[in-house]
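Mind the numbering: the sequence shown is residues 4 to 114 in our numbering, read in order.
Note that CB positions come from ideal geometry on N, CA and C, so glycine has one too.
See structure below.
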Amino acid sequence: MTTQEIERLAKSDKSKSIGDLDLKLKELKLAGYRILECILYVKTNQNCSLMDAKSIVINSSAWIDSKEDFVQHQQEQIEEFLDVAKNEIESIQHNYYPNKTKVSVRRKTKE
Numbered sequence: 004m005t006t007q008e009i010e011r012l013a014k015s016d017k018s019k020s021i022g023d024l025d026l027k028l029k030e031l032k033l034a035g036y037r038i039l040e041c042i043l044y045v046k047t048n049q050n051c052s053l054m055d056a057k058s059i060v061i062n063s064s065a066w067i068d069s070k071e072d073f074v075q076h077q078q079e080q081i082e083e084f085l086d087v088a089k090n091e092i093e094s095i096q097h098n099y100y101p102n103k104t105k106v107s108v109r110r111k112t113k114e
């Protein structure tokens, strides 16, 4: 499905309770939706942040078995990005919260 189709589906479904959302994620997974598509569905359906949607999906019963691999893959992608961009980065700031970590990357200004 395209991004637009997923967003249309999520908007056409009324906002779901966490229990109903868990069932919907199982349904979507069985229908062949990938984890990122499910995150987009939840973000749109629940009108929440990307981080909140990701947390809901990776902690759902449908995707909990993939959580470790997904988080590891994301970490590898971040490390690869930082390695490639290291000469363009001025600073990296980590903000730690009880339920998440926010990383802000500031690029060097071009002269």
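In the DSSP assignment, the beta strand (DSSP E) including Y99 goes from what residue to what residue?
Run containing Y99: I92 to Y100, per the beta strand (DSSP E) assignment.
Assuming the contact rule is C-beta atoms closer than 8 angstroms, V108 and I92 should be a hit. Round their C-beta distance to whole Å, please.
V108 to I92, Cβ: 6 angstroms. Contact.
I need the straight-line Cα distance from T47 to E10, nearest angstrom please.
Here the C-alpha atom of T47 lies approximately 6 angstroms from the C-alpha atom of E10.
Within 10 angstroms of the Cβ of Y44, are there 16 or more other Cβ atoms? Answer buried if so, exposed if not.
That one is buried.
Note down the Cα distance separating I61 from S15, rounded to an integer number of angstroms.
The alpha-carbon separation between I61 and S15 amounts to approximately 23 angstroms.
Under the criterion of a Cβ to heavy atom distance below 8 angstroms, does G35 qualify as lining the ligand ZN?
Of the ligands one can find in the structure shown there are none, so the ligand ZN has no counterpart to examine.
Express the C-alpha separation of N50 and L85 in angstroms, rounding to a whole number.
Those two C-alpha atoms are separated by around 30 angstroms.
Spatial neighbours of A65 in its chain, beta-carbon cut-off 6 angstroms, leaving aside the 5 residues before and after:
Cβ-Cβ distances below 6 angstroms link A65 to L28, K29 and K32 in the same chain, with the five nearest sequence neighbours on each side left out; the list follows chain order.
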